[in-house]
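Here it is as structure tokens:
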């Protein structure tokens, strides 16, 4: 099972090169994973039909019970055959539908195959969280497929609408899953269905939330607006996602959970009422539309309401009818969509008012459409008829609510007959007064996929008994019925057949009176759900603008004060109500007086920040508070934390200074005296509240501290530095996440500064036509001694020639050049000594970054380019790649981030060991170095470049700078 899923995603990743090399013929290759999944499912038919199941499980994080569970039973067998079988045929259809020069065909092919893989995993998932993951993957891929024609506004809007509606439903469903898993004590779907939790209020809420996700996915009212708009997607997407796969996911989830939760009081009212309403509203809307795809789209909405109603009824016979109808719907709706694509391809239009005589020009296409349409109208001897008869029979002998639902189903079936006739007439009939539509021929390969599906619907009508064992195996998971129904084409004359005849006759009358029906439908039409959705989005946007305009006043001090006051109010409310300090150990002022002295100086520096008006003074004072915190770490005996704090504070101060070059010297915000006075008590109260909160949190500990256990664990591995081991081994997940966040934040901030291009070109000195930014502000003095022309000159910096003599500091240049390599060596030492001494990849990367900053401060941006000629993004990306790769390497032993250690002996050096934790830390080292370089280039070199461009001392565009390429 897992191999088939992985094969879909692996080949989807190769779709671009395949399409580039093979053109549209690549779809034939891409159809092999769905074809293999179909063959595999057929080989497991007997096992599933006998009530058995094939399972696969991978214990991802055993200690926390996190596993990936897959299961193939009768219901999954049916869904795999539909998702894989129809998916394979749609991919073959794409080979004829598209041309070799279709834009972005490789991306489309990859997304379509990846969607098929996600859908396959969804119907095989036997774990609620696993199901949710692949549920959202189908949402993402459907968004990409619907928005394939992104140059069109309608395609973009339709894709966004589908994403918003289904994602909101999915998030509600996730909350429901969490509640169900907690109530049941397991997230294993088969276990929950076998032994459902008691129907408490929490379970009822969870059921409603899960139904929100299922109904939004299957376009049930009031979530139905996204499906018709999704017809902006290419026809193969409509045939697959909106007939056989994605929209069936919600129906599948209802069918999967119905044996366990159909008796929960809130289940049936939601499913029966919304399912019946959707069937009627969708069918009625389809009667007045002229686009063939939209007729089928609203017909699909109607049929999905019917399927949801049947799947959620909660008795054996209705469940049997539901799965039979799921199969029949896929076998008639997918070929109808595919035939619509053929008609559009052959005639250039889908407007039934412009189509005439197409049936005579394309008789084989018309024959395929007639077969599929007859099954949709439930005419014998097709599969749709057998499934509809089973549905009528099941609802007829049900409860009072189910008989009311039967009335809605019969009315909906009449509408189905009417819009089926409208589709066939509109697409293929010859219309009076309208000349025959010119068409071009259709190849057999183009027609074969829909023809195969339509013929299957014809064959499985008389042969529906062949599927009875498989579909009955799912139906038998419900309580036994005293009169179990069995699928057959003919059950004799009875009420069910009479209701079918009534639906056919009523549908024919509606079609014959289509002019009056259309007029009435448009006269009484409510505002469409799509327009309601648009107005809701517009209203939300306007509300957001008003709220933003009211709150966001452009004052950072107001924002910070608001945040602190809200935090202060919340914390004080909790402290006053709970009085958590009762029984808490009294805090000590200090462990030794030196801590008190450092703390007092640090607080004094922080308070002085409130009084200064010059930005540089504020930065220096803020930096002193950071250095004061680092000194507290030193006094407390935490050298790792102290070293990291010193490095972070130094880099931060340098970044502040670089930013201040483009800002006014003084704070320009006009603050009244009373507002300035109010800031001090707000700041002091916030600080005191945070301090009390920390004391209370520390005093509330009931368990033994984990420090002793961590020290023992580290010692057992022959290591000494507990902090570094925690970061790269015991809590490596946290480090990996924080590294990714750091990289994303740095890239985001610097991208805002670069705005257009992140590359700085060649950074060659030849682009300079005058002095650098570091000498533009000074008057170049001609009276300075120039020295002896024949005297030897030593250049300490590679870019020293770009500096103005009056701005050069020979001492600084010498020191920078002499210390550059030792600092780099120190950073490497800090990296490799972290197992036993203070250090680590993070602080080592900061130290290496400081070495680069020193070169920049001594010689400017050209000196930085000489010291670090590679792009910072290379270091950042390589660091993330190494850390992630080391983490995935642990899968060899069964779990992510498992550490491996190799012990060896060298003749001269003696015993040694190599650990993957060091490699992980090396990735962190490169990432931090890349982030520091990126910030220095953005706030230092980039700002220098802007100053030089404004002064006109750069080479014109098209020179070296223009040679840069986006990174």
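Numbering (our numbering), first residue to last: 29 to 995. Positions of the beta carbon are idealized from the N, C-alpha and C atoms, including for glycine. This structure is a prediction, so every number in the text was calculated from the model and none was measured.
Only counting the same chain, and skipping five residues up and downstream in sequence, which positions put a Cβ closer than 7 Å to that of residue i?
i, result
"residue 669", "661"
"residue 47", "54, 133, 134 and 137"
"residue 684", "647"
"residue 65", "32, 108, 112 and 148"
"residue 609", "724"
"residue 490", "409 and 517"
Rounded to the nearest angstrom, how far is the Cβ of residue i from that of residue j, given a contact under 8 Å?
i, j, result
"residue 907", "residue 954", "3 Å"
"residue 397", "residue 456", "7 Å"
"residue 125", "residue 471", "That belief does not hold up - the Cβ atoms of residue 125 and residue 471 are roughly 11 Å apart, past 8 Å."
"residue 671", "residue 866", "5 Å"
"residue 868", "residue 858", "7 Å"
"residue 109", "residue 69", "5 Å"
"residue 613", "residue 771", "Contact doesn't hold; Cβ gap of about 41 Å is too wide."
"residue 358", "residue 271", "6 Å"
"residue 236", "residue 298", "7 Å"
"residue 247", "residue 292", "About 23 Å; that fails the 8 Å criterion."
Do residue j and residue i come within 8 Å of each other at the CB atom, strictly closer than that value?
i, j, result
"residue 447", "residue 534", "no"
"residue 147", "residue 111", "yes"
"residue 191", "residue 167", "yes"
"residue 151", "residue 104", "yes"
"residue 341", "residue 405", "no"
"residue 61", "residue 173", "no"
"residue 390", "residue 402", "no"
"residue 362", "residue 267", "yes"
"residue 416", "residue 441", "yes"
"residue 77", "residue 100", "no"
"residue 249", "residue 305", "yes"
"residue 852", "residue 876", "yes"
"residue 347", "residue 286", "yes"
"residue 414", "residue 516", "yes"
"residue 421", "residue 345", "yes"
"residue 880", "residue 964", "yes"
"residue 310", "residue 383", "no"
"residue 927", "residue 744", "no"
"residue 13", "residue 52", "There is simply no residue 13 to check, as the chain begins at 29 and stops at 995 in what is shown."
"residue 462", "residue 380", "no"
"residue 626", "residue 676", "no"
"residue 178", "residue 184", "yes"
"residue 328", "residue 255", "yes"
"residue 863", "residue 962", "no"
"residue 281", "residue 433", "no"
"residue 714", "residue 596", "yes"
"residue 465", "residue 387", "no"
"residue 59", "residue 106", "no"
Do residue i and the ligand SAM come close, with the Cβ less than 7 Å from some heavy atom?
i, result
"residue 901", "As far as ligands go, the structure on display features none, and thus does not contain the ligand SAM."
Keeping to the same chain, check which residues put their C-beta closer than 6 Å to that of residue i; ignore five residues upstream and five downstream.
i, result
"residue 468", "374"
"residue 290", "342"
"residue 231", "211 and 225"
"residue 545", "315 and 538"
"residue 482", "363, 396, 399 and 400"
"residue 815", "Below a pLDDT of 50, predicted positions are generally treated as unreliable, and residue 815, at 46, falls in that range; the measurement from the model is reported next regardless. No residues qualify anywhere along the chain."
"residue 122", "55 and 264"
Quickly, what does DSSP pair residue i with across the bridge? List them, please.
i, result
"residue 85", "97"
"residue 933", "939"
"residue 153", "98"
"residue 642", "694"
"residue 496", "According to DSSP, residue 496 bridges with nothing at all."
"residue 379", "319"
"residue 216", "155"
In chain order, what residues of the same chain have a beta carbon less than 8 Å from the beta carbon of residue i, not counting five sequence neighbours either side?
i, result
"residue 935", "none"
"residue 710", "589, 592, 593 and 596"
At 4 residues or longer, and completely inside the segment 663-735: list those alpha helix (DSSP H) runs for me, N to C. 667-688 and 701-727
Runs of 4 residues minimum, wholly inside the segment 861-919: which ones carry the alpha helix (DSSP H) assignment? 869-895 and 900-917
Those runs of the alpha helix (DSSP H) which lie wholly inside the segment 241-274 and span at least 4 residues: 254-257 and 263-269
Sequence ranges, alpha helix (DSSP H) only - wholly within the segment 493-567, length at least 4: 496-503, 523-540 and 542-551
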